[in-house]
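A quick write-up on the structure given underneath.
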Amino acid sequence: MRHAAPQDQDEAVAAIHAAILRIPKGWIATYGQIAAMAGLPRRARLVGRVLQRLDPATKIPWHRVINAKGEVSYSSSRNGGDSLQQHLLEREGVEFDARGRCDLRRFRWLG
DNA sequence: GTTATGACTTCAC
DNA sequence: CGTGAAGCCATAA
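Counting in our numbering, the first sequence runs from 1 upward without gaps.
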């Protein structure tokens with residue numbers, strides 16, 4: 001058989017969603033961390049791609065997912081507001097720097 | 001088929 | 001801590 005896993009990618013996306021949903025409130029996780037706990041060690045980019053393509057009314061706490069720099073990633077065509085994500089995190093107790101960065105070693109979810 | 005781009009990561013300077 | 005370069009993977013043209 002040539003195709004052993006035709007919808008393998010779909011499972012990966014589902015795993016990413018589950019991992020993000022697993023993040024407790026007031027904590028944050030990086031793309032690489034999410035990818036790793038989802039079983040995708042080298043697919044941090046895939047996580048970002050999934051988050052950009054998910055629905056505007058999703059129940060996924062996408063605002064808890066940030067990059068390795070501890071800052072909220074921004075896109076040219078992101079849907080919604082620019083400071084929305086930071087605002088949501090601040091609401092959950094995450095402190096942000098004046099530059100829009102937070103201390104990863106303090107708020108990063110260990111899993 | 002190749003080339004370019006992107007909600008990324010990591011190392012080196 | 002900032003900037004630059006290389007790496008990895010999926011989507012689009």
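Idealized CB from N, CA, C, for every residue including glycine.
A quick note: this is a predicted structure, and the numbers were derived from the prediction, not measured.
Classify arginine 91 as buried or exposed, calling it buried when 16 or more other Cβ atoms lie within 10 Å of its own Cβ.
exposed
Need the endpoints of the alpha helix (DSSP H) that leucine 89 sits in, please.
84-91
What are the boundary residues of the alpha helix (DSSP H) that glycine 48 is part of?
44-53
Whole-angstrom Cβ separation of leucine 46 and leucine 40, contact assumed at under 8 Å?
6 Å
With DSSP collapsed to three states, give me the class of valine 65.
strand
What would DSSP say about isoleucine 16, mapped onto helix, strand or coil?
helix
Let me check one thing: in DSSP terms, what residues is isoleucine 28 bridge-paired to?
Arg108
Does the Cβ of arginine 43 have 16 or more other Cβ atoms within 10 Å, making it buried, or fewer, making it exposed?
buried
What residue from His63, Trp27 and Leu21 has the CA that sits closest to glycine 93's CA?
Trp27
Could you check if glutamine 9 is buried or exposed, using at least 16 other CB atoms within 10 Å of its CB as the buried criterion?
exposed
Checking the sheet assignment: what are the DSSP bridge partners for glutamate 71?
Arg101
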